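Just below is one structure, and these are the notes that go with it.
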Amino acid sequence: MKVRDSGMPNEEMWSEFFKPKRILKTLGIDNSIRNIVDFGCGYGTFTLPVAQVVKGKVYALDIEPAMIEETKRKAEEEKLGNVEVILRDFISNGSGLENESIDYVMLFNILHLDNPEGLLREAYRILRKDGKLGIIHWNYDSTTPRGPPMEIRPKPEQIIDWAKHSGFNHPKKSDLKPYHYGIVMEKTK
């Protein structure tokens, strides 16, 4: 099941919206992390920089074959042997990863889907105790140059509420100017 259309631009435009290394640092992604998953890896915008930092494996999941092939090609080109790309409908079928096998889950620009709590519960299932959930989304502001329509764009408070209902604690919100915000939460049980 695809996420509701958010008007994903071409890669050149998409890359102008982010400074991945700065964002990853802000969200606490560093070399203390072993295994990490990127739900909806897209062009590999965050997958590749993460693979250069973490100790273990980066699982890059997407439903689009073209996105998987592009991320795989880039990882091979950069000789990043720790990237495992997985073509999968993770919204309908879950990630396929083992319970409590992941240190960090990235849900970047994806929680405008129909059932965000379902994906958050899957993130909770695969995270180890004390694992972290990193979220990025477009500001709830109609002047952003792209992003999902306002009627499906979640506010930070909504995301925190959904994540708390899914078992996550200790929200820390960051401003990822100019167009995004970030939230990091923990699995403490």
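Residue numbers for the sequence shown, in my numbering: 133 to 321.
Ideal placement from N, C-alpha and C gives every residue a C-beta, glycine not left out.
Treat the numbers as computed from the prediction; the structure is a model and nothing was measured.
Taking all protein chains in view, the Cβ of Gly174 is crowded by 16 or more other Cβ atoms within 10 Å, so the residue is classified as buried. Distance between Gly226 and Gly279, taken at the CA atoms: about 24 Å. Taking the Cα of Phe240 as reference, the smallest distance to any Cα among Gln290, Lys153, Glu201 and Gly314 is reached at Gly314.
Per DSSP, the unbroken alpha helix (DSSP H) holding Val182 starts and ends at Thr179 to Ala183.
Looking at the backbone, the Cα of Glu283 and that of Thr276 are separated by about 14 Å.
Linking Ile200 to Glu230 through their CA atoms gives a straight-line distance of about 21 Å. With contacts defined by Cβ atoms closer than 8 Å, Ile161 and Tyr236 form a contacting pair. Counting C-beta atoms within 10 angstroms of its own C-beta, Lys211 has fewer than 16 neighbours from the protein chains shown and is therefore classed as exposed. Short of 6 Å from the beta carbon of Ala207, and not among the five residues preceding or following it, lie these beta carbons of its own chain, in chain order: Val215. Here Pro248 has Trp294 as same chain residues with Cβ atoms under 6 Å from its own Cβ, once five neighbours each way along the sequence are excluded.
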